[in-house]
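So in my numbering, the last one in the sequence shown is 408, and the numbering has no gaps at all. All remarks here apply to the structure that follows.
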Amino acid sequence: MPFYRSVGNVPPKRHTQHRSPEGDLYFEELMGEEGFSSNSSLLYHVHIPSTVVEYRTWDLPDQTLVPNHPLVPRHLSTHKLFEEEAEGVDAVTGRRLLLGNGDVRLSYVVADKESPLYRNGIGDECLYVEDGDALVETVFGDLEVGKGDYVIVPRATTFRIVPRGKIRIYVIEANSHIGPPKRYLSRFGQLLEHAPYCERDLRLTTEPRVHTTDEPVDVYIKHRGPGPGGIAGTVHTVPHHPFDVVGWDGGLYPYAFNIKDYEPITGRVHQPPPVHQVWEGHNFVVCNFVPRKVDYHPLAIPVPYYHSNVDSDEVMFYVEGDYEARKGSGIGPGSISLHPGGHAHGPQPGAYERAIGAERFDELAVMVDTFRPLDLGEAARASDDGLYAYSWAQGPQ
């Protein structure tokens with residue numbers, strides 16, 4: 012986020028001595044984007060944040076990607092992925108890779124176990140909570156999150172996810188930063204009047220809690236490396252808990268936003284997907300479709316017109332509700348549809364006609380559009396129904 016916050020105990024002048032009541036120096040860490048040229052925060056640690064006493068390889072979950080060839084639209088059933096893994100899964104090491112390319116990776120996890128401390132050294136993460144509750148503990152402070160929350164976690168933030176029971180999370184991992192679309196922002200970074208949400212809708216972290224234990228702890232790091240897709244994992248053992256920040260200030264930090272606080276934009280005729288945008292990263296955008304009144308022109312057809320994704324792949328994660336355009340396709344809550352560039356898609360047979368006269372759609376979905384083709388991860392290959400491509404022909408269901 013671009014706006015300045017000051018949390019906890021910070022000195023009056025940056026890059027100057029900052030001491031504890033006992034006279035010990037705190038250690039200042041600059042966490043910044045784009046090589047000192049963009050948003051940053053200064054964190055004040057009790058211990059040196061660079062110290063590592065051991066390290067080892069972290070064998071990541073399968074990150075292999077294969078091309079979507081032959082080119083077909085696909086229907087993935089995420090709820091089937093964890094039917095036999097109901098216990099003992101955490102929201103970091105238990106993620107299963109659905110789709111990915113050089114810009115973004117989409118994963119899904121059902122977790123009931125506290126995750127290890129974790130840091131994504133490749134890009135920002137956007138966690139969408141499909142269902143359940145959790146405490147997201149970060150080096151900046153904590154966030155209580157629940158159903159419908161987006162959680163934006165900046166790159167290199169150390170955090171962990173502590174579920175309150177079972178939680179379902181759709182994970183968007185960027186190779187870049189994730190934030191509000193630039194067209195929603197003033198040149199100084201404030202959300203503008205035409206944006207579908209504002210700063211009041213964002214939930215910020217609590218003050219950081221200083222862990223005083225001196226027992227070594229492991230931090231799992233995802234980073235660029237020799238693995239599939241150029242991704243690798245390392246575990247650093249550090250001598251002190253990394254949540255030892257007494258205060259911080261700046262314009263870079265995690266935050267949460269609930270999808271119910273998104274104000275939909277409607278019109279007399281059907282509005283294109285960009286009006287539903289909520290976030291953007293490099294070479295991809297995130298949109299959400301929320302319950303809303305629909306088109307009110309007397310001759311309107313409220314469902315989408317057929318369209319060809321000339322420059323992008325479209326991924327729709329169906330959360331809940333009654334998605335009018337997909338009736339008859341087998342899509343339901345927990346489904347993901349992949350409509351690849353090069354294939355025209357739109358409403359299922361009959362939906363075009365049925366939608367005429369509708370005044371409201373009760374649907375909830377999260378869409379990711381990418382501007383490079385998406386390849387298939389192991390979870391996509393395991394959950395693909397193999398039939399979706401035939402659904403417009405009213406073929407096998």
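Every residue, glycine too, gets a C-beta built ideally from N, C-alpha and C. No experiment lies behind these values; they were computed from the predicted model shown.
- Beta bridge pairing from DSSP links Glu65 with Thr248.
- In the DSSP assignment, Ser340 falls outside any alpha helix (DSSP H) and carries neither an H nor an E.
- Residue state for Pro284 is assigned as helix, using DSSP reduced to three classes.
- One thing to note: Glu148 has its Cβ within 8 Å of the Cβ of Phe170.
- In chain order, Ile312 place their CB closer than 7 Å to the CB of Ile367, counting only its own chain and leaving out the 5 sequence neighbours on each side.
- Taken atom to atom, the span from the alpha-carbon of Pro315 to that of Gly357 is near 6 Å.
- Sorting Gly353, Ser319, Val18, Gly352 by C-alpha distance to the C-alpha of Asp153 places Val18 at the top.
- Annotated as proximal: Val256 and Val150, with beta-carbon spacing under 8 Å.
- As DSSP reads the structure, Gly332 sits in a beta bridge with Glu374.
- The distance from the Cβ of His86 to that of Ile342 is about 6 Å, consistent with a contact at the 8 Å cut-off.
- Residue range 115–122 is occupied by the beta strand (DSSP E) that includes Ser118, with no alpha helix (DSSP H) assigned at that position.
- Inter-residue distance for Ala145 and Gly43 is about 27 Å (C-alpha atoms, whole angstroms).
- In this structure Ile133 is not in contact with Ile163, their Cβ atoms being roughly 15 Å apart against a cut-off of 8 Å.
- Inter-residue distance for Gly262 and His252 is about 24 Å (C-alpha atoms, whole angstroms).
- Note on geometry: alpha-carbon atoms of Gly258 and Gly244 lie some 29 Å from one another.
- Fully contained in the stretch 145–185 are the following beta strand (DSSP E) runs of length 3 or more, in chain order: 145–149, 152–156, 160–164, 170–174, 178–185.
- Close CB contacts of Val121 within its chain, under the 7 Å cut and outside five residues either way in sequence, are with Phe93, Val100, Lys177, Arg179 (chain order).
- When the beta-carbon positions are compared, Ala376 and Tyr329 come within less than 8 Å of each other.
- The beta carbon of Ala390 sits closer than 8 Å to the beta carbons of Leu87, Thr89, Leu92, Arg107, Leu108, Leu109, Ser118, Tyr119 from its chain, once the five residues preceding and following it are set aside; these are given in chain order.
- For a cut-off of 8 Å, the C-beta gap from Pro207 to Ile270 is around 11 Å, too long to register as a contact.
- Bounds of the alpha helix (DSSP H) holding Glu364 are 362–365.
- In terms of CA proximity to Tyr273, Asn299 leads the group Pro284, Asn299, Glu291, His293.
- Contact annotation: Pro360 and Gln288 have beta-carbon atoms that are not nearer than 8 Å.
- Distance check between Thr223 and each of Gly240, Asp123, Asp229, Pro250 places Pro250 closest, using alpha-carbon atoms only.
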